[in-house]
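Asks: Provided herewith is a single structure, encoded as structure tokens, for subsequent inquiry.
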Amino acid sequence: SGHWCVVPAAGRGRRFGGDTPKQYLRIGDKPLVTHTLERLAAHSRVAGFVLVLAPDDATWTRGLIEVLGKPLLIANGGAERADSVLAGLRALPASVAMEHFVLVHDAARPCVRAEDVTRLIERAVPAGGGLLAAPLRDTLKRADGQGRSNGTEPRESRWRALTPQLFRRGELDAALAAALAAGVAITDEAMAMERAGHAPLLVEGAEDNIKVTTPADLALAEFLLSR
Ligand code: CTP
Ligand code: MG
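Following UniProt numbering, the numbering of the sequence shown begins with 2 at its first residue and continues without gaps.
Here's what the structure looks like:
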């Protein structure tokens, strides 16, 4: 009765820079994406994976399948993250019913903690779906377009969306497809679900579940994984 996990890893890492997409950079003895998959695979409630890769990156899969004791399917990613996640959902085995809850987790978050995955499943399944999120710590400014601040947003009601996110396979498929068809740029699953009329549960997660976006983040992830 575990949950399958879609892992989008088809991005190009433009903000990171360099020739090799960030998910393939090494931390210690293995690629970043392998750390991510191994962390999740060690969780008893994770049943298997759909790893979504850019079509050119297929050579990277060989080693991954060998290190995991759980099934791992490969799907071809698309132009935007939402395209990649939808492709991943559609590559899930038929045994994953449309009513089943599936996890979606960024390949670029290698520091995810088992206890956060557990808390997400325990709280978000009865709530109909949800996501890990962290309350905002810094003061949030609204820019006026000329480089000046013209207001301060209330911090109390603002959360940063993390992953994993957990939704029903069929509902998430419909929500992502609708957003893509409407040409709306969506940056996480919860945003697509909100558009479709759902209210995803915010489940507080650890601050150190960082997304590696810049080289400074990679150094931090390296430190966090070495502890
Ligand atoms: N992703 C994906 N398909 C895309 C874009 C992103 O599978 N078309 C994945 C990335 O590989 C990453 C996760 O979604 O694991 C979160 O995206 P992000 O951190 O934005 O990664 P990139 O899109 O690669 O980076 P950037 O936006 O800086 O180009
Ligand atoms: Mg991106």
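Where a beta carbon is used, it is the ideal one built from N, C-alpha and C, also for glycine.
#1: Is G78 near ligand 1 - that is, is its Cβ less than 7 Å away from at least one heavy atom of it?
#2: Round the Cβ separation of G49 and L73 to the nearest angstrom and send it over; I've been treating them as touching at under 8 Å.
#3: Shorter than 7 Å, the distance from the beta carbon of L142 to the closest heavy atom of ligand 1, or not?
#4: According to DSSP, is F17 helix, strand or coil?
#5: May I ask you to list the residues that DSSP assigns as paired with K31?
#6: Would you say the stretch 121-141 touches the stretch 25-38, given that touching needs at least three Cβ pairs under 8 Å?
#7: In chain order, what residues of the same chain have a beta carbon less than 7 Å from the beta carbon of R156, not counting five sequence neighbours either side?
#8: Near S150, which residues of its chain fall below 6 Å by C-beta distance, leaving aside the five closest residues on each side in sequence?
#9: Out of R46, R228 and G70, which has the shortest C-alpha to C-alpha gap to T35?
Replies: Let me lay it out:
#1: True, at least one ligand heavy atom lies under 7 Å from that Cβ.
#2: 7 Å
#3: Correcting the residue type first, residue 142 is Lys in the shown sequence and not Leu. Flag unset: Cβ of K142 not near ligand 1.
#4: The three-state reading of DSSP puts F17 in coil, since its state is none of H, G, I, E or B.
#5: Under DSSP, K31 takes part in a beta bridge, and its partners are I28.
#6: no
#7: L137, T140 and L141
#8: Sequence-distant Cβ neighbours of S150 in its own chain, meaning closer than 6 Å and more than five residues away, are K142.
#9: G70
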